[in-house]
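Structure, as structure tokens:
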Amino acid sequence: QACPKDCIVCGGVAAGYNYEAPSCLPCRTFFSRMVRQKRHFIGCSKGSMCNKEESSRPCRSCRLDRCLRGGMNPLAVGGLKNTDANPVVQSFY
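Counting from 1, one number per residue, gives the positions in the sequence shown under the UniProt record's numbering.
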């Protein structure tokens, strides 16, 4: 399957399918780090303005949300233990 040219998270150039979704290397790294560190954010730090500001980078909460909505699978991140207690994995379902 040919990889789409655009990252599903930031719209940058996709480096391939990462965690089952087309994404660039920075977004792949961000997603992996958030899953491994069991990071979960409650709400947008910019008051839900991230999706409206085209020129600015989204806050971490919105970026993680875009990863999950775009199809990045937290279970595809290697080395996970005790996925029942991982808030990122739980938000995937």
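Glycine included, C-beta positions come from ideal geometry on N, C-alpha and C.
Rounded separation between residue i and residue j - CA only
| i | j | result |
| --- | --- | --- |
| P22 | R28 | 9 Å |
| P4 | R69 | 16 Å |
| A76 | C62 | 20 Å |
| G12 | R57 | 12 Å |
| M72 | L25 | 13 Å |
| R33 | F41 | 13 Å |
Residues that residue i bridges to, as DSSP identifies them
| i | result |
| --- | --- |
| G16 | S23 |
| D6 | V13 |
Short Cβ contact (8 Å threshold) for residue i with residue j
| i | j | result |
| --- | --- | --- |
| A15 | D6 | no |
| Y19 | F31 | yes |
| V9 | C50 | no |
Among the options, the one whose alpha carbon lies nearest that of residue i
| i | options | result |
| --- | --- | --- |
| C44 | C59, M34, F30, V9 | C59 |
| V35 | G71, L64, A2 | L64 |
| G78 | G11, Q37, V9 | Q37 |
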